[in-house]
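Asks:
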Amino acid sequence: MFIFLICFIISSFFWTLNNLSKNYTARIFFPVKYIDLPTDQKLSQPLPQKLECTVSAYGFTLLRHKLKLSFSPILINVSELKTRHKVSKNNHFGFSASTEANRSMIVNQISNEIQVLNIYPDSLYFNFNPIVQRKFPVKPKVNVTLLNQYMLKQSPYTTPDSVMVKGPEDVLDTLKFISTRGQKYKDLSHSVQRNVSLTGDDKLQFTPRRVVLNIPVEQITEGTREIPLVIKDVPDSIELKAFPSSIKVSYKVGLSQYDQVNAASFHPSIDYDSISASRQKLPVTMEKYPQNVISYDYYPKEVEFILEKKNSNQ
93 MFIFLICFII SSFFWTLNNL SKNYTARIFF PVKYIDLPTD QKLSQPLPQK
143 LECTVSAYGF TLLRHKLKLS FSPILINVSE LKTRHKVSKN NHFGFSASTE
193 ANRSMIVNQI SNEIQVLNIY PDSLYFNFNP IVQRKFPVKP KVNVTLLNQY
243 MLKQSPYTTP DSVMVKGPED VLDTLKFIST RGQKYKDLSH SVQRNVSLTG
293 DDKLQFTPRR VVLNIPVEQI TEGTREIPLV IKDVPDSIEL KAFPSSIKVS
343 YKVGLSQYDQ VNAASFHPSI DYDSISASRQ KLPVTMEKYP QNVISYDYYP
393 KEVEFILEKK NSNQ
């Protein structure tokens with residue numbers, strides 16, 4: 093049995109040796125590296141990262157190449173290809189190159205022990221977009237919650253408020269603004285300034301690459317005012333007296349805005365035309381109030397009134 097096993101191993105070795113000395117056809121994938129790409133243009137679609145070659149070689153050679161974990165990449169000089177191939181005036185940002193027509197450039201980088209029979213893909217398509225630069229506003233992407241009795245002094249903003257963006261023209265054509273990387277702040281009671289990065293397509297370059305996110309926060313304060321009522325649409329022959337003749341307004345406002353709110357900021361009124369036999373009071377309408385207050389309320393909502401006829405001699 094031992095002698096049989098030895099004979100089997102020896103015969104298998106010579107059989108393998110004999111077969112490896114024969115010529116075979118096989119497929120081998122070679123990695124590709126594209127060099128000397130134009131700096132003022134960007135590829136609009138990815139290029140193949142490997143070339144599939146049908147080759148002929150001795151079994152020993154093929155086995156050696158098959159056992160290699162990696163190959164040196166085939167270098168394809170894009171600038172050289174562009175010079176060789178006539179570029180259409182209507183498509184000066186793109187061209188195609190036949191791998192067969194450029195066989196020597198490819199084959200010369202492959203071992204001379206291997207005969208290349210066929211190369212796939214048969215053509216390489218280089219489509220470019222021009223690189224342009226434009227200015228875009230920056231939009232903060234931020235989620236903020238505040239502690240009770242605190243408010244945003246103004247909406248979050250960035251410094252600077254806009255950045256220069258460089259990239260493919262077709263990508264920039266789709267943009268309206270640039271967003272900051274998302275930020276989340278919970279239960280704020282103070283202003284925030286933080287250096288944040290920008291988000292966008294990997295093909296884009298930002299100048300500057302980071303901006304300062306500003307979240308201005310301030311305390312809420314309360315105020316009260318006694319405001320006289322304005323009486324509207326009273327006929328010349330009638331005198332309308334309201335009881336009370338003024339109302340009390342309470343409001344909430346940011347601390348920095350407190351001094352900007354005064355009695356003239358509110359405009360409460362009653363209207364003679366609202367009088368009807370079915371109602372004994374007139375409703376109070378707040379016709380004007382300051383936009384910088386967070387909320388307001390007033391009392392009373394209705395007032396009593398009396399009508400008196402004016403003396404015709406007056």
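For the sequence shown, the working numbering gives the first residue as 93, with consecutive numbering after it.
Beta carbons are placed, not taken as given, at the ideal position from N, Cα and C, and that holds for glycine.
No experiment lies behind these values; they were computed from the predicted model shown.
1) Please name the residue in Arg119, Tyr126, Lys134, Glu396 whose C-alpha comes closest to that of Gly259.
2) Pull up the distance between the alpha-carbon of Gly274 and that of Val257, whole angstroms please.
3) Helix or strand or just coil, what does DSSP make of Lys276?
4) Tell me, please, which residues DSSP counts as bridged to Met378.
5) Please list, in chain order, all residues of the same chain as Phe335 whose beta carbon is under 8 Å from its beta carbon, the five residues on each side excluded.
6) By the 10 Å Cβ neighbour count, where 16 or more other Cβ atoms means buried, how is Pro320 classified, buried or exposed?
7) With DSSP as the reference, label Asn182 as helix, strand or coil.
8) Is the Cβ-Cβ distance between Val385 and Tyr343 less than 7 Å?
9) Let me know the secondary structure DSSP gives Leu332 once reduced to three states.
10) Might you give, ordered along the chain, the residues of its own chain that have their beta carbon closer than 8 Å to the beta carbon of Gln241, omitting 5 neighbours on each side?
11) Output yes or no for whether 7 Å exceeds the beta carbon distance between Val147 and Ile120.
12) Which residues in the same chain have their Cβ closer than 7 Å to the Cβ of Pro300, if we skip the five residues on either side of it in sequence?
13) Where does Glu172 fall in DSSP's three states?
14) Tell me which residue opens and which closes the alpha helix (DSSP H) that Asp262 is part of.
15) Out of Thr251, Asn235, Pro252, state which residue places its alpha-carbon closest to the alpha-carbon of Lys276.
16) Just to confirm my understanding: we take Ser283, look at its own chain, exclude 5 residues before and 5 after, and list those with CB closer than 7 Å. What are they?
17) May I ask which residues mark the beginning and end of the alpha helix (DSSP H) holding Val289?
18) Who pairs with Glu394 in a beta bridge, going by DSSP?
19) Taking all protein chains shown into account, decide if Asp389 is buried (16 or more other Cβ within 10 angstroms of its Cβ) or exposed.
20) Here's the rule: buried if 16 or more other CB atoms are within 10 angstroms of the residue's CB, otherwise exposed. What is Ala189?
21) Give me the Cβ distance between Val170 and Leu129, rounded to the nearest whole Å; I'm assuming they're in contact under 8 Å.
22) Just curious, the alpha helix (DSSP H) that Ile223 is in, first and last residue?
23) State the DSSP-derived secondary structure class of Leu143, mapped to helix, strand or coil.
24) Which residues does DSSP list as the beta-bridge partners of Ser34?
25) Leu135 bridges to which residues according to DSSP?
26) As a quick exercise: from Leu244, Gln141, Leu239, pick the residue whose alpha carbon is nearest that of Leu216.
27) Roughly how many whole angstroms lie between the Cα atoms of Ser387 and Val345?
28) Going by Cα to Cα distance, which pick from Phe220, Asn204, Glu205, Tyr116 is closest to Pro138?
Replies: In terms of the structure at hand:
1) Looking at the Cα atoms, Lys134 is the closest of the given residues.
2) So the two alpha carbons sit approximately 19 Å from each other.
3) If DSSP states are grouped into helix, strand and coil, Lys276 belongs with the strands.
4) Answer is Pro360, bridged to Met378.
5) Only residues of its own chain outside the window of five on either side were considered, and among them Val395, Glu396, Phe397, Ile398 have a CB closer than 8 Å to the CB of Phe335, listed in chain order.
6) Counting the other CB atoms within 10 Å of its CB gives Pro320 a total below 16, which places it among the exposed residues.
7) Low local confidence applies: a pLDDT of 47 at Asn182 is under 50, so the model's placement there is unreliable, with the coordinate-based value given in what follows. It is helical.
8) A Cβ-Cβ contact shorter than 7 Å links Val385 with Tyr343.
9) Three-state DSSP puts Leu332 in a strand.
10) Excluding positions up to five away in sequence, the list reads Gln311, Ile312.
11) Cβ atoms of Val147 and Ile120: closer than 7 Å.
12) These residues qualify, in order along the chain: Val255.
13) If DSSP states are grouped into helix, strand and coil, Glu172 belongs with the helices.
14) From DSSP, the alpha helix (DSSP H) with Asp262 extends over 261–264.
15) Comparing C-alpha distances from Lys276 to each of Thr251, Asn235, Pro252 shows the shortest one belongs to Asn235.
16) Here the set comprises Ile307, Pro308, Val309.
17) Reading off the sequence, residue 289 comes out as Ser, not Val. Per DSSP, Ser289 belongs to no alpha helix (DSSP H); it is in the beta strand (DSSP E), 284–291.
18) The partner list for Glu394 (beta bridge, DSSP) reads Pro375.
19) Exposed.
20) Counting Cβ neighbours within 10 Å, Ala189 comes out buried, since at least 16 surround it.
21) The Cβ separation is near 5 Å, so the contact holds.
22) Premise fails: Ile223 lies in the beta strand (DSSP E), 215–231, not in any alpha helix (DSSP H).
23) If DSSP states are grouped into helix, strand and coil, Leu143 belongs with the strands.
24) As displayed, the chain neither begins before 93 nor continues past 406, which places residue 34 out of reach and without an answer.
25) Within the DSSP bridge table, the entry for Leu135 names Phe220 as partners.
26) Of the listed residues, the one whose Cα sits closest to Leu216 is Gln141.
27) Spanning the two alpha carbons is a distance of roughly 8 Å.
28) The option with the nearest alpha carbon to Pro138 is Phe220.
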